[in-house]
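Numbering (my numbering), first residue to last: -4 to 353. Quick reminder that beta carbons are idealized off the backbone N, C-alpha and C, glycines included. Small disclaimer: the values here were computed from a predicted structure and weren't measured. Contents: one structure, followed by commentary.
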Ligand code: IPM
Ligand code: MN
């Protein structure tokens, strides 16, 4: 198979982790006879430095003319004081919107050999944890109206609007129901319907949609504050979880940490086509950038998801997943998942071991 992959390295550890994911993709290409072509484009802080804009038009064009997109991470101290639309994060939000990627899937899975790295007591995680967070990605407060000003009494204010339409809720619910159909036929929907009007519409819509289109799927509602508690109290009770953009952002970090480290969690973002954007859920970690100590596994697993979900290369997906599993089972650990008695390795070495396992 010939695939054109756009790579958005971004900032901080972004270039390091993308380079290592490419190493693993090349190992897959060699073994299975594919041809992956990579074209790099600037996004985030590095794009601001070069073009005074976090998402230049040629980056959008490059992504839209590729078969799929791999992204590292954006942001860093250097750009922290810029105004809202100039910030590196605006580049990431912009590319998600420009590519129409409304569905963000974040599987938080506990790898057996990493059970010790979970901050939870072993009895809570000993039977495994796999929470698949389906996060709405192009709506809600991330994209609602923003305002900043001074009222008539001279008091300064700012506001961000949380707005959802029925079709936006239905299309993300469809993704969750499709996933749940192949799993345990249960979807947990997270909202704040006891307070927010947007959540009351969310709650009504997910139930109506499932009842009409997926009658065999059970939909349960959990309030977001309770969800935050349940994830640490009994994470094994969850499977497919569907939620809004901001709740999904927050809960996926929590779920990731429960499974050991945010450095392990990959995500896929898709819309109505097979052209997706695949990225680790973690950030650019500027404090450890360039030191070869970050964990490349989330990005490597994101690349694996690309092979499976954009290119239907399921054997190749499993090859990467098994290669990661073997590296962990053999005791190799980057600093973030290191525990006593294991073999500590850097970012490059970890990717090298995984590539050799392919
Ligand atoms: C994520 C990140 C982004 C988000 C930021 C960097 C804009 O935290 O992908 O989870 O909030 O979506
Ligand atoms: Mn986040």
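- Pull up the CB-CB distance for residue 62 and residue 18, whole angstroms please, since I reckon it's below 8 angstroms. So it is not a contact: roughly 19 angstroms between Cβ atoms.
- Message: Pairs of beta-carbons, one from the stretch 106 to 115 and one from the stretch 275 to 283, closer than 8 angstroms: are there three or more?
- Response: No, the stretch 106 to 115 does not touch the stretch 275 to 283.
- Under the three-state reduction of DSSP, which class applies to residue 104: helix, strand or coil? strand
- Query: Taking just the CA atoms, how far does residue 118 sit from residue 156?
  - Reply: Rounded to whole angstroms, residue 156 to residue 118 spans 41 angstroms at the Cα level.
- Item | DSSP-derived helix/strand/coil call for residue 154 | strand
- In terms of DSSP beta bridges, what is residue 203 paired with? None, per the DSSP bridge assignment.
- Query: From 339, 262, 232, 259, pick the residue whose C-alpha is nearest to that of residue 121; which is it?
  - Reply: 232
- Message: Quick check: the Cα distance between residue 94 and residue 148, rounded to an integer number of angstroms?
- Response: 42 angstroms
- Message: Let me check one thing: in DSSP terms, what residues is residue 31 bridge-paired to?
- Response: Paired residue(s): -2.
- Item | Inter-residue spacing [alpha-carbon to alpha-carbon] between residue 239 and residue 97 | 10 angstroms
- Item | Secondary structure of residue 265, DSSP reduced to three states | strand
- Message: With a threshold of 8 angstroms on Cβ separation, who are the neighbours of residue 294 within its own chain once the five nearest residues in sequence on each side are excluded?
- Response: 12, 13, 15, 16, 65, 67, 261, 274, 275
- Message: With a threshold of 6 angstroms on Cβ separation, who are the neighbours of residue 153 within its own chain once the five nearest residues in sequence on each side are excluded?
- Response: 143
- Consider the C-beta atom of residue 69 and the heavy atoms of the ligand IPM; say whether any pair is separated by less than 7 angstroms. yes
- Pull up the CB-CB distance for residue 241 and residue 136, whole angstroms please, since I reckon it's below 8 angstroms. 5 angstroms
- Task: Mark residue 131 as exposed unless 16 or more other C-beta atoms lie within 10 angstroms of its C-beta, in which case mark it buried.
- Result: buried
- Message: With distance defined between alpha-carbon atoms, name the residue in 189, 222, 165 nearest to residue 206.
- Response: Looking only at 189, 222, 165, the smallest Cα-Cα distance to residue 206 is reached by 165.
- Task: With DSSP collapsed to three states, give me the class of residue 23.
- Result: Taken through DSSP and simplified to helix, strand or coil, residue 23 comes out as helix.
- Task: Look at the Cβ atom of residue 92, then the Cβ atom of residue 138, and state whether they are nearer than 8 angstroms.
- Result: yes
- Item | Distance CB(residue 271)-CB(residue 304) smaller than 8 angstroms | Yes, they are a contact pair.
- Task: Just the C-alpha distance for residue 219 and residue 173, rounded to the nearest angstrom, thanks.
- Result: 23 angstroms
- Quick one: Cα of residue 351 to Cα of residue -3, how far? 22 angstroms
- Task: Kindly indicate the opening and closing residues of the alpha helix (DSSP H) around residue 370.
- Result: With the chain running from -4 to 353 in the structure shown, residue 370 is simply not present.
- Proximal residues to residue 87 (C-beta, below 6 angstroms), its chain only, five neighbours per side dropped: 69
- Task: Decide if the stretch 342 to 350 is in contact with the stretch 52 to 59; the criterion is three or more beta carbon pairs, one per stretch, under 8 angstroms apart.
- Result: no
- Under the criterion of a Cβ to heavy atom distance below 7 angstroms, does residue 8 qualify as lining the ligand MN? For the ligand MN, not one heavy atom lies less than 7 angstroms from the Cβ of residue 8.
- Task: Verify whether the separation of the beta carbon atoms of residue 102 and residue 127 is less than 8 angstroms.
- Result: yes
- Message: Shorter than 7 angstroms, the distance from the beta carbon of residue 244 to the closest heavy atom of the ligand MN, or not?
- Response: Relative to the ligand MN, the beta carbon of residue 244 is positioned inside 7 angstroms of a heavy atom.
- Message: By the DSSP assignment, the alpha helix (DSSP H) with residue 83 in it spans what residues?
- Response: For residue 83, the uninterrupted alpha helix (DSSP H) segment begins and ends at 83 to 93.
- Using DSSP bridges, identify the partner residues of residue 39. Paired residue(s): none; residue 39 is not in a bridge.
- Task: Out of 315, 124, 39, 198, state which residue places its alpha-carbon closest to the alpha-carbon of residue 254.
- Result: For residue 254, the nearest C-alpha among the options comes from 124.
- Message: Give me the residue from 337, 196, 314, 308 with the minimum Cα distance to residue 358.
- Response: The requested residue 358 does not occur in the structure, where the chain is confined to residues -4 to 353.
- If we count the other Cβ atoms within 10 Å of its Cβ and call it buried at 16 or more, is residue 230 buried or exposed? So residue 230 counts as buried.
- C-alpha gap between residue 347 and residue 75, whole angstroms: 34 angstroms
- Message: If I measure Cβ to Cβ from residue 266 and keep anything under 6 angstroms in the same chain, skipping five residues before and after, which residues do I get?
- Response: 95, 96, 97
- Query: Exposed or buried, residue 78, counting other C-beta atoms within 10 Å across all chains shown (16 or more means buried)?
  - Reply: Label assigned to residue 78: exposed.
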